[in-house]
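Trainee: Residue numbers (the numbering used here), protein chains in the order written: chain A, 590 to 1016; chain B, 260 to 583. Even glycine gets a Cβ: it sits at the ideal position worked out from N, Cα and C. Only a predicted model underlies this, so the values are computations on that prediction, with no experimental measurement involved.
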Amino acid sequence: MEGAHAPESGGLGARSERGGVTAGLGVGYARASRPGPDSVAVARSADPMPLKKVYEARIDYLQIMDEHGKLDEKLAKGIDGKPVLSDDEVLELYRFMVKCRALDEVAFKLQRSGRMGTYPQNKGQEAAAIGSGYAAKRGVDWLVPCYRENAALFMHGLPMHYVLLHWMGDERGNQIPEGVCQTPLCIPIGTQMLHATGIAWAFKMRKEPRVAITYFGDGATSEGDFHEAMNFASVFATPTVFFCQNNHWAISVPRESQMASETVAQKALAYGMPTIQVDGNDLFAVYKATKEAVDRARGGGGPSFIEAVTYRLADHTTADDARRYRDEKEVEAWRGKDPVIRLRKYLEAKGMWDDAKQGALEDEAKPMVAAVVKSAEGIEKPSVEDFFDHTFAALPRELELQRRTMQTHSLGQDPEQAGLRGVAERA
Amino acid sequence: MANLTLVQAITLALQQEMAKDSRVVILGEDVGMNGGVFRVTEGLLKQFGPERVIDTPLAESGIMGTAIGLAMAGMRPVPEIQFEGFLGPAYDQLVNHAARYRTRSRGAITVPLTVRVPVGGGIHAPELHSDSPEAIYAHQPGLKVVMPCTPYDAKGLLISALRDPDPVIFFEPKRVYRSFREEVPEEEYMIPIGQAKVVTEGTDLTVVSWGASVFQCLEALDALPEDVSVELIDLRSIYPLDLDTVVQSVQKTRRCVIVHEAPKTSGFGAELSALIQENCFLHLEAPVQRVTGFDTVMPYYKLELDYLPNAERIGGAIGQCLAY
């Protein structure tokens, strides 16, 4: 493909040349560049009708902190010359990352011990969730997730036990509290991006400086709704950030079988949308790219696409067994790129962290997680009337009758059948 | 008070509600510059501008999904699906999200949207421009489904739909879009969703119908002998249903014929039959009859008038039901 540049194997360690980026789009963002009127006509032969280049594309890959925790100091700074994340912020985000990981591991155990239903672990994708979540404004911007970015949801005010409630078969886990700007977990794949586009569109219509960021996986980009969302967002320039967690697997289907595109990021080129591929396990890169996208959207610059290259360290869900279809060597290699491990290495190298602090953090995390589980399990069982009560704002007659009698057969609903009453009266 | 067609009554309702409530936005294919392929949204782009009357890309799921997002974020979107046959791509968003969001989030997030869809046959249209899928959506909990067939009803029901806090599918019977005019008040008025209308009163038999079929029923009634007195009910609302009006009528007349364009099997007439026999069992003098489309794919228009319930078939069913 003329002009396109793609890292090998979905971005594993590959790094494209930086620079030559379209002006005003920040680091690494690629958009199609249309050659001007004086563009060079490429003559293929003595053909009197030479071909003219009308479109050129490239995808850039951003990594700031590698898997060893080594930071590119220059890239780690914003245009203002200041670090995109202060030491204090990195520390706070690391601590949060460890706590989310701890909760995720306990959630797995809850399922295995029969205390919770099927659960999709978020393990390995914490930097993608936290780095991006941190870039959006809590209480202002909306998050429109699927189900593998819990950490972002928590950062934006979702009580942690709500996620457990969802997977425990309780809709109260979806009852987003007032002032918390997010949609509940979304089960039908690839359908939520349209909602994010609509929500962002409402912000634009009302001239509110707010952004909607939506999360989805590599598999979701095969769904038609993804493309419709990207198209609508671009055509109407909605303040939407499309954040794809490319974790390489859609249950058992690897990315290479999911699409023929070299990268997921390049799908955005078709919509004229600024797009970038980032190391999804690098908190700095994720944060920087997302912050630029969010700022662009908030400033009226329209939607952006981010492909966060990461890896699903656990199975698709607790009902899955990835050993059936994944090479253990591949998983082992990605364990080496674990976002938590590399961030810890970074902090230790800077003298900001050590084993004692890690121990203390883990000791803090345990009771925190236990309290979350207690909140989820301690909730009283919902009453059966509950499944009626939120069907509509006001229940129609038949539904009200079903709710009152908990029956659907007519004799059970009203033994004194109107028909019988009429007969009795006539007798 | 003006004499308006169904199209004009809908345009008026949209125009008045948009003037009153800045949250109401229209979106769909060809609704803006073109005023809608049936001209239902004619003049609205000029009056309200492109931010409120939006020409979308050709993508029904996209239209429905973004409308859902708009509704969730506090707007009152009115997505148009150009013909009922194209609801297919929007089905997932409609039944898996619009219908479910209130339940899913226990009321924290709701979807107040009104989907406008021309419906039904009889206009010599191409394939998938003449179907009647109301039963499919009546079957999905969380959706309201209405189908007015007169200008007066259309304005009143549309305003109710636009103000409803839940998703409403507003079916517009295209066969009668311009077939007659009636007086429609200039001022706003609402017809509650879930309220049927007794079109003509009678004592011998009840006919229940909705959509353009109501007019086929009126034609059939005209051809009946003088001494036969038929009560005709226009449901107007498929879900929620005004069961009381139907039950009261059938308990009085003891015989019922249901008429709809949609295919017989699992059509809404089946639901109505079940409800009637549950509530009027000891009153019925004859089995409830259904005059409907056949259980075939809607044919191309050369044969559509043979497919759709007509006055002859309806009159025949009434006669046989009376004679039972």
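Strictly below 9 Å CB to CB, what residues from chain A border glutamate 442/B?
Mentor: The residue you call residue 442/B lines up with position 183 of the second sequence. In chain order: nothing, as chain A lies at least about 30 Å away.
Trainee: Rounding to the nearest angstrom, what Cα-Cα distance links aspartate 501/B and aspartate 314/B in this structure?
Mentor: Start at 1 with the first residue of the second sequence, and residue 501/B comes out as number 242. Start at 1 with the first residue of the second sequence, and residue 314/B comes out as number 55. One C-alpha to the other measures close to 36 Å.
Trainee: For methionine 794/A and chain B, any beta-carbon pair shorter than 8 Å?
Mentor: Here residue 794/A refers to the residue found at position 205 when the first sequence is read from its first residue. So yes, methionine 794/A belongs to the interface.
Trainee: Are the C-beta atoms of glycine 768/A and some chain B residue less than 8 Å apart?
Mentor: For the purposes of this step, residue 768/A is taken as residue 179 along the first sequence, with counting starting at 1. Not one chain B Cβ lies under 8 Å of glycine 768/A.
Trainee: Of the choices Asp677/A, Asn711/A, Asp759/A, whose alpha-carbon is the least far from that of arginine 704/A?
Mentor: For the purposes of this step, residue 704/A is taken as the residue at position 115 of the first sequence. That would be Asp759/A, whose Cα lies nearest to the Cα of arginine 704/A.
Trainee: Quick check on serine 972/A: buried or exposed, where buried means 16 or more other Cβ atoms within 10 Å of its Cβ?
Mentor: As a first step, residue 972/A must be located in the first sequence, where it is residue number 383. Result: exposed.
Trainee: Applying a beta-carbon distance threshold of less than 8 Å, which residues of chain A neighbour aspartate 425/B?
Mentor: Looking up residue 425/B in the second sequence gives position 166. Under the 8 Å cutoff, chain A gives Phe981, Ala982.
Trainee: Could you say which of Pro377/B, Glu485/B, Asn538/B lies nearest to leucine 265/B if we only look at CA atoms?
Mentor: Position 6 of the second sequence holds residue 265/B. Selected option, being the one with the closest Cα: Pro377/B.
Trainee: So histidine 356/B contacts chain A; which residues on that side make the cut at Cβ distance below 8 Å?
Mentor: Here residue 356/B is taken as the residue at index 97 of the second sequence, counted from 1. Neighbours of histidine 356/B on chain A, chain order: Pro777, Thr780, His784.
Trainee: At 8 Å on the CB atoms, spell out the chain B contacts of phenylalanine 743/A, in chain order.
Mentor: Residue mapping note: residue 743/A aligns to position 154 of the first sequence, counting from 1. Neighbours of phenylalanine 743/A on chain B: none; closest Cβ ~17 Å, over 8 Å.
Trainee: Nearest by alpha-carbon distance to phenylalanine 743/A: which of Val958/A, Val875/A, Thr827/A, Cys833/A is it?
Mentor: For the purposes of this step, residue 743/A is taken as residue 154 along the first sequence, with counting starting at 1. Considering only alpha carbons, the answer is Val958/A.
Trainee: Just list the residues that DSSP pairs methionine 654/A with in beta bridges.
Mentor: On the first sequence, position 65 is the one that residue 654/A refers to. Paired residue(s): Leu660/A.
Trainee: How is the alpha helix (DSSP H) around glutamine 275/B delimited, first residue to last?
Mentor: Residue mapping note: residue 275/B aligns to position 16 of the second sequence, counting from 1. That run of the alpha helix (DSSP H) goes 265-279.
Trainee: Answer with buried or exposed for glycine 526/B, where buried requires no fewer than 16 other C-beta atoms within 10 angstroms of its C-beta.
Mentor: The residue you call residue 526/B lines up with position 267 of the second sequence. Its Cβ being crowded by 16 or more others within 10 Å, glycine 526/B is buried.
Trainee: Would the beta-carbon of serine 747/A fall within 8 Å of that of isoleucine 719/A?
Mentor: On the first sequence, residue 747/A is found 158 positions in, with the first residue counted as 1. On the first sequence, residue 719/A is found 130 positions in, with the first residue counted as 1. Correcting the residue type first, residue 747/A is leucine in the shown sequence and not serine. No, the pair does not count as a contact, with Cβ atoms beyond the cut-off.
Trainee: Kindly give me the distance between the Cβ atoms of glutamine 771/A and isoleucine 765/A, rounded to whole angstroms, as I take these residues to be in contact under 8 Å.
Mentor: Position 182 of the first sequence, counting from 1, holds the residue named residue 771/A. Position 176 of the first sequence, counting from 1, holds the residue named residue 765/A. Sure, about 6 Å apart at Cβ, within 8 Å.
Trainee: According to DSSP, which residues form a beta bridge with glycine 548/B?
Mentor: Within the second sequence, the letter at position 289 stands for residue 548/B. One detail in the question is off: residue 548/B reads as glutamine in this sequence, not glycine. Glutamine 548/B is bridged to Val516/B.
Trainee: Excluding five sequence neighbours on each side, which residues of the same chain lie with their C-beta closer than 8 Å to the C-beta of arginine 633/A?
Mentor: Taking the first sequence and counting its residues from 1, one reaches residue 633/A at position 44. At arginine 633/A the pLDDT is 48, less than 50, meaning the model places this residue with poor confidence and gives no usable figure here.
Trainee: Does threonine 512/B pass the burial test, meaning 16 or more other C-beta atoms within 10 Å, or should it be called exposed?
Mentor: Sequence index remark: in the second sequence, residue 512/B carries index 253 (1-based). It is buried - the Cβ of threonine 512/B has at least 16 other Cβ atoms within 10 Å.
Trainee: Name the residue from Ser488/B, Val458/B, Pro522/B whose alpha carbon lies nearest to the alpha carbon of valine 505/B.
Mentor: Translated into positions along the second sequence, residue 505/B becomes position 246. The option with the nearest alpha carbon to valine 505/B is Val458/B.
Trainee: For chain E, is any of its Cβ atoms less than 8 Å away from the one on proline 985/A?
Mentor: Chain labels in this structure do not include chain E; the protein chains are A and B.
Trainee: Tell me, please, whether the CB atom of valine 830/A is closer than 8 Å to any CB atom in chain B?
Mentor: Stepping through the first sequence from its first residue, residue 830/A is reached at position 241. Output row for valine 830/A: interface = no.
Trainee: Under 8 Å, Cβ to Cβ, is there at least one residue of chain B near proline 1004/A?
Mentor: Taking the first residue of the first sequence as position 1, residue 1004/A is located at position 415. Taking Cβ atoms only, chain B never reaches closer than 8 Å to proline 1004/A, which makes this a no.
Trainee: Quick one: list the residues of chain B neighbouring proline 773/A, beta-carbon separation under 9 Å, in chain order.
Mentor: The count along the first sequence starts at 1 and reaches residue 773/A at position 184. What proline 773/A touches in chain B: Tyr360, Arg363, Ser364, Ala367, Ile368.
Trainee: May I ask which residues mark the beginning and end of the beta strand (DSSP E) holding glycine 806/A?
Mentor: Against the first sequence, residue 806/A aligns to sequence position 217. Counting along the chain, the beta strand (DSSP E) containing glycine 806/A begins and ends at 801-806.
Trainee: Got a sec, what are the start and stop residues for the alpha helix (DSSP H) proline 672/A sits in?
Mentor: Along the first sequence, read from residue 1 onward, the residue named residue 672/A stands at position 83. Here proline 672/A belongs to no alpha helix (DSSP H), and DSSP marks it neither H nor E.
Trainee: Given that a residue counts as buried once 16 or more other Cβ atoms are within 10 Å of its Cβ, and exposed if not, what is serine 468/B?
Mentor: Taking the first residue of the second sequence as 1, we reach residue 468/B at position 209. By the 10 Å Cβ count, serine 468/B comes out buried.
Trainee: Specify whether the segment 346-364 of chain B and the segment 450-464 of chain B touch according to this definition: at least 3 beta carbon pairs, one from each stretch, less than 8 Å apart.
Mentor: The segment 346-364 of chain B vs the segment 450-464 of chain B: no contact.
Trainee: Could you give the first and the last residue of the continuous alpha helix (DSSP H) run that contains cysteine 580/B?
Mentor: Here residue 580/B is taken as the residue at index 321 of the second sequence, counted from 1. Its alpha helix (DSSP H) spans residues 570-582.
Trainee: List the residues of chain A whose Cβ lies closer than 8 Å to the Cβ of isoleucine 535/B, in chain order.
Mentor: Locating residue 535/B in the second sequence gives position 276, where the first residue counts as 1. None at all; the shortest Cβ gap to chain A is about 10 Å.
Trainee: Express the C-alpha separation of glycine 366/B and alanine 982/A in angstroms, rounding to a whole number.
Mentor: As a working note, residue 982/A is residue 393 in the first sequence. As a working note, residue 366/B is residue 107 in the second sequence. Distance between the alpha carbons of alanine 982/A and glycine 366/B is about 8 Å.
Trainee: Leaving out five residues before and five after glutamine 454/B in sequence, what residues of the same chain have Cβ atoms less than 6 Å from its Cβ?
Mentor: Within the second sequence, the letter at position 195 stands for residue 454/B. Asp501.
Trainee: Shorter than 8 Å from the beta carbon of threonine 994/A to some beta carbon of chain B?
Mentor: In the first sequence, residue 994/A corresponds to position 405, counting from 1. Taking Cβ atoms only, chain B never reaches closer than 8 Å to threonine 994/A, which makes this a no.
Trainee: Could you tell me whether any Cβ in chain B is nearer than 8 Å to the Cβ of tyrosine 900/A?
Mentor: One-based indexing of the first sequence puts residue 900/A at position 311. Tyrosine 900/A does not count as touching chain B.
Trainee: Secondary structure at phenylalanine 831/A, three-state DSSP: helix, strand or coil?
Mentor: What you label residue 831/A is simply residue 242 of the first sequence in a count that begins at 1. Residue state, collapsed to three classes: strand.
Trainee: Hey, is isoleucine 788/A's beta-carbon within less than 8 Å of any beta-carbon in chain B?
Mentor: Start at 1 with the first residue of the first sequence, and residue 788/A comes out as number 199. Output row for isoleucine 788/A: interface = yes.
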